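Structure record follows, encoded as structure tokens.
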Amino acid sequence: MHARRWNIKKLIICGGAFLIVYILLTSGTREYEIDATIESSKPEQVWEYVADFNKMRTLNPTILNFKIIADAGHTHDWRYTVEYTERLSHWPYWLNAAKADYVVTKTMPGVEPAVYMIESKHKTCFFKGTYCCK
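Residues in the sequence shown are numbered from 46 upward in steps of one, following the numbering used here.
Here it is as structure tokens:
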């Protein structure tokens, strides 16, 4: 009877481990969206600061390093792709790799109202690319 109880425990542990691995491998990509407005500020100054990924480490200290892998455009329509590594804010021992595509635009001079926009799409991957979030 003792051996039978041990087999049931093994079966439950193996089944639980299989379920966790199955969820991680079949979960696909998750999407997350955020936007923000900074009150009482000059739009062009905020736009210039946030558009520069070199300053991103100030805004997000969990970023460890980054590499710009593509860069094209001009002052009013600039696009770049960056790969970066960061630590999770709630669990700093865990690293993740990410790739982001940035589109940085502003209206041409003389166009009113002036519009400043930064759009970025990030793909963050864990477990050597097995589990990714978009």
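Positions of the beta carbon are idealized from the N, C-alpha and C atoms, including for glycine.
For clarity, every value in this text was computed on a predicted model and none was experimentally measured.
Secondary structure of Met153 (DSSP, three-state): coil. Around the beta-carbon of Trp92, 16 or more other beta-carbon atoms lie within 10 Å, marking it buried. The three-state reading of DSSP puts Gly118 in strand, counting E and B together. For Lys112, the closest alpha carbon among the candidates Leu56, Met162, Glu131 and His121 is that of Glu131. DSSP places Tyr161 inside the beta strand (DSSP E), whose first and last residues are Tyr161 to Phe171. The beta carbon of Arg124 is closer than 6 Å to those of Ala117, Gly118 and Val148 in its chain, skipping five residues each way along the sequence.
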